[in-house]
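There are 2 protein chains.
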Amino acid sequence: MNCEAYAVRQRPMRVQRGQSTDFEVTCARCSLKSKCLPAALTPAELDAAERSVLTRRRIGRGEALYRAGDAFESIYAVRVGFLTSIVNTSGGHTQVLGFQMAGDLVGFDGLDTGLHTCDVVALEDSDVCVIPYRGLAEAATATPALRARIPQLLGQEIEREQAMLQILGTMRSDARVASFLLDISRRLGTRGLSRSEFVLKMTRGDIGSLLGITIETVSRIMTRFARLGHIHIDGRNVHILDLDALTRMVASRATARRAPLTVVVKQAA
Amino acid sequence: MNCEAYAVRQRPMRVQRGQSTDFEVTCARCSLKSKCLPAALTPAELDAAERSVLTRRRIGRGEALYRAGDAFESIYAVRVGFLTSIVNTSGGHTQVLGFQMAGDLVGFDGLDTGLHTCDVVALEDSDVCVIPYRGLAEAATATPALRARIPQLLGQEIEREQAMLQILGTMRSDARVASFLLDISRRLGTRGLSRSEFVLKMTRGDIGSLLGITIETVSRIMTRFARLGHIHIDGRNVHILDLDALTRMVASRATARRAPLTVVVKQAA
DNA sequence: CGCGGTGTTGAAAATTGTCAATAATTGTGG
DNA sequence: CCACAATTATTGACAATTTTCAACACCGCG
């Protein structure tokens with residue numbers, strides 16, 4: 000199983016700068032291991048954990064990794080590519096919950112009921128590690144570090160969503176867009192890619208859905224940012240010219256909601 | 000430790016209908032056990048789990064169970080009362096992330112970094128079970144059902160937050176308020192309290208902060224709902240007159256975002 | 001009885017959504 | 001490789017929603 004390579008790409012795609020398309024197969028040799036599931040595991044523990052990773056899976060662009068209603072059996076680590084998780088609302092609309100790039104884990108929805116609650120779809124051809132949850136849980140039994148890692152990863156997911164709630168609950172659209180750009184920039188940066196120049200893999204509609212605003216508003220704000228000299232935009236190519244300006248925009252342009260909570264916050268005895 | 004009772008309530012408060020103020024102390028005899036941590040555990044497993052529950056804690060109204068930055072050491076099960084979790088945004092504002100009532104668990108933020116990321120504050124005098132996380136993790140080692148329960152609870156939290164993201168991302172304010180009222184109603188209902196008549200424990204500002212709208216908008220929409228005959232409002236006393244009307248409002252009044260994601264969603268090979 | 005916090009209501013301003021037209025880009029098939 | 005179709009993105013004008021600002025009522029409490 001080692002060193003296999005996907006010789007044929009069904010859809011040739013432009014490779015994002017610095018992002019390699021071929022990859023190693025063991026976690027130990029994976030360049031993403033410091034961000035991914037095995038973080039903080041010793042090599043021996045990692046080996047134990049890895050036995051639960053049975054398969055890799057390739058998801059072509061537009062294909063679903065899983066759909067809402069599918070049985071929850073595995074979580075997935077993104078090796079290469081770019082995915083999005085979306086829910087279908089009762090009103091027949093759909094809402095983007097987030098984007099996953101290489102090194103991200105996805106699939107924790109459905110941990111409760113055993114059925115996935117959202118779709119995860121590839122925005123470009125992607126490769127994921129399939130991590131059967133049952134196997135992982137068993138591996139965790141014997142491996143203290145892994146046992147601690149799983150709730151930690153879930154905690155990360157909870158915090159990520161709380162950050163999104165904060166964005167949707169307090170920011171106006173320009174601050175939301177700035178947050179989005181900074182988030183993408185930061186995440187690419189931690190992966191060794193450029194923080195200032197990147198290609199968006201999603202449509203304006205996807206961005207708007209994530210941020211709770213319309214396509215038109217996304218477009219207008221991007222254009223405004225460009226006019227202000229904060230960024231340079233060419234379609235989906237983004238060049239961040241003034242990171243600080245975007246940061247300031249996030250901080251300052253929150254909607255001022257008065258008296259959000261008048262808590263005395265007395266120290267407990 | 001059994002059958003202790005808090006003889007003195009520092010702040011006498013009106014007891015919510017059907018909600019008793021005295022309580023039993025073991026999980027086995029707790030009326031909330033079907034909703035709480037011990038759900039799905041056998042009595043023996045429950046006993047093992049319970050050994051990790053060392054203390055109870057009483058939080059007076061306005062006091063904090065914990066603050067952002069506090070070390071994450073325990074999670075908490077609400078026995079009696081009503082709490083809210085809030086974050087302080089970078090802009091100096093605060094945002095309500097949610098409300099916790101009897102039977103809810105709180106404290107999962109900070110699982111990642113070891114530091115809590117939000118404050119949890121009592122909106123009325125409350126009692127919580129303190130569940131040291133380390134002890135719980137150890138108990139889980141020996142108890143398969145408990146071991147599965149923890150990620151399940153985290154998954155519940157993730158899904159709850161995803162539902163909030165959906166509300167904030169797709170709904171207009173009237174649909175948000177309707178969602179909120181229905182959520183409170185449902186949660187009280189599952190606790191054996193009235194689904195149609197209840198007392199809100201939080202201010203309009205708290206509701207607005209949760210829903211990402213202003214106090215004034217909350218107030219206006221509540222008034223409008225009352226005029227339409229969907230609810231009856233008297234300060235914080237709410238009487239839901241037409242549950243279906245509120246439900247319809249949630250479903251129909253989502254902002255129509257066109258082409259939120261044109262995913263072909265081809266079946267994977 | 002007054003006071004601080006809370007809740008309601010009105011009017012005006014700001015933000016954002018809606019509709020529509022058009023341009024740019026991408027994918028498809030000859 | 002080109003042309004055509006479909007999708008995606010931009011922009012403008014207008015409408016709707018929501019916020020902001022302001023005034024005032026209410027309520028519990030010292």
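Line by line, the protein sequences give chains A and B. In this text, residue positions in the first sequence follow numbering that gives the first Met the number 0: the first is 0, and each later residue adds one. In this text, residue positions in the second sequence follow numbering that gives the first Met the number 0: the first is 0, and each later residue adds one. Heads up, the beta-carbon is just placed ideally off N, CA and C, and yes, glycines get one too.
Looking at the secondary structure, which residues open and close the alpha helix (DSSP H) in which B:I183 lies? S172 to T189
Since B:R186 contacts B:M100 with CB under 8 Å, what's their CB separation in whole angstroms? 6 Å
Where does B:P150 land, buried or exposed, given buried means 16+ other C-beta within 10 angstroms? buried
By the 10 Å Cβ neighbour count, where 16 or more other Cβ atoms means buried, how is A:D233 classified, buried or exposed? exposed
Residues of the segment 208-223 of chain A with a CB closer than 9 Å to any CB of chain B: list them in chain order, please. S208, L209, L210, G211, I212, T213 and I214
Between B:Q151 and chain A, is there a C-beta pair that is closer than 8 Å? yes
Please state the DSSP three-state secondary structure of A:F98. strand
Suppose only complete runs of 4+ residues qualify. What are the alpha helix (DSSP H) ranges in the segment 71-155 of chain A, listed by chain order? 132-141
Which of the three DSSP states is assigned to A:L240 in this structure? coil
Can you give me the start and stop residues for the alpha helix (DSSP H) that A:L210 sits inside? R203 to L210
I need the DSSP call for B:A63, collapsed to helix, strand or coil. strand
Looking only at C-alpha atoms, which of B:L96, B:V120, B:L181 and B:V127 sits nearest to A:I157? B:L96
Identity of the residues DSSP links to B:V198 by a beta bridge: B:N236
Option in B:A250, B:G228, B:K32 and B:D205 with minimal Cα separation from B:V120: B:D205
Just the Cα atoms here: how many angstroms apart are B:R194 and B:L242? 9 Å
For the structure I just gave you, are there three or more beta carbon pairs, one from the segment 52-67 of chain A and one from the segment 106-124 of chain A, closer than 8 Å? yes
So B:D111 contacts chain A; which residues on that side make the cut at Cβ distance below 7 Å? Q151, G154, Q155 and E158
Scan the segment 89-102 of chain A for residues whose Cβ lies nearer than 8 Å to a Cβ of chain B and list them as they occur along the chain. S89, G90, H92, T93, Q94, V95 and L96
Would you report the Cα separation of B:S251 and B:R171, rounded to the nearest angstrom? 10 Å
For B:D69, collect the residues of the same chain with a Cβ closer than 6 Å to its Cβ; drop the 5 residues on either side in sequence, then sort them by chain order. H115
Using a Cβ-Cβ cutoff of less than 6 Å, which residues in the same chain neighbour B:V350 once the five nearest sequence positions on both sides are dropped? Look at the range of chain B in this structure, 0 to 268, and you will see that residue 350 of chain B is not part of it.
Drop a sphere of 10 angstroms on the beta-carbon of B:L164, count the other beta-carbons inside from all chains shown, and report buried for 16 or more, exposed for fewer. buried
List the residues of chain B whose Cβ lies closer than 9 Å to the Cβ of A:D108, in chain order. G154, I157, E158 and Q161
Could you tell me whether any Cβ in chain B is nearer than 8 Å to the Cβ of A:L245? no
Report the residue from B:T88, B:D126 and B:T142 whose alpha carbon sits nearest the alpha carbon of B:P42. B:T142
Neighbour list for B:V198 in chain A, Cβ cutoff strictly below 7 Å: Those do not exist, as B:V198 stays about 18 Å from chain A at its closest Cβ, beyond 7 Å.
Out of curiosity, what's the CA-to-CA distance linking A:L64 and B:A139? 31 Å
Does B:L227 pass the burial test, meaning 16 or more other C-beta atoms within 10 Å, or should it be called exposed? exposed
Between which two residues does the beta strand (DSSP E) containing A:T222 stretch? It is not in any beta strand (DSSP E) - A:T222 instead sits in the alpha helix (DSSP H) that spans I214 to R226.
Which residue from B:S84, B:R66, B:D103 and B:H92 puts its Cα closest to that of B:R78? B:D103
I'd like to check one pair, B:R55 with B:D126: are the Cβ atoms closer than 8 Å? yes
In the DSSP output, which residue or residues are listed as bridge partners for A:R56? A:V127
Taking a contact to mean a Cβ-Cβ separation below 8 Å, would you say B:V249 touches B:A174 in this structure? yes
Let me see if you follow: with CB-CB separation under 8 Å, is A:V349 close to chain B or not? A question about residue 349 of chain A goes unanswered here, because the residues of chain A that appear run from 0 up to 268.
Rounded separation between B:T88 and B:C117 - CA only: 10 Å
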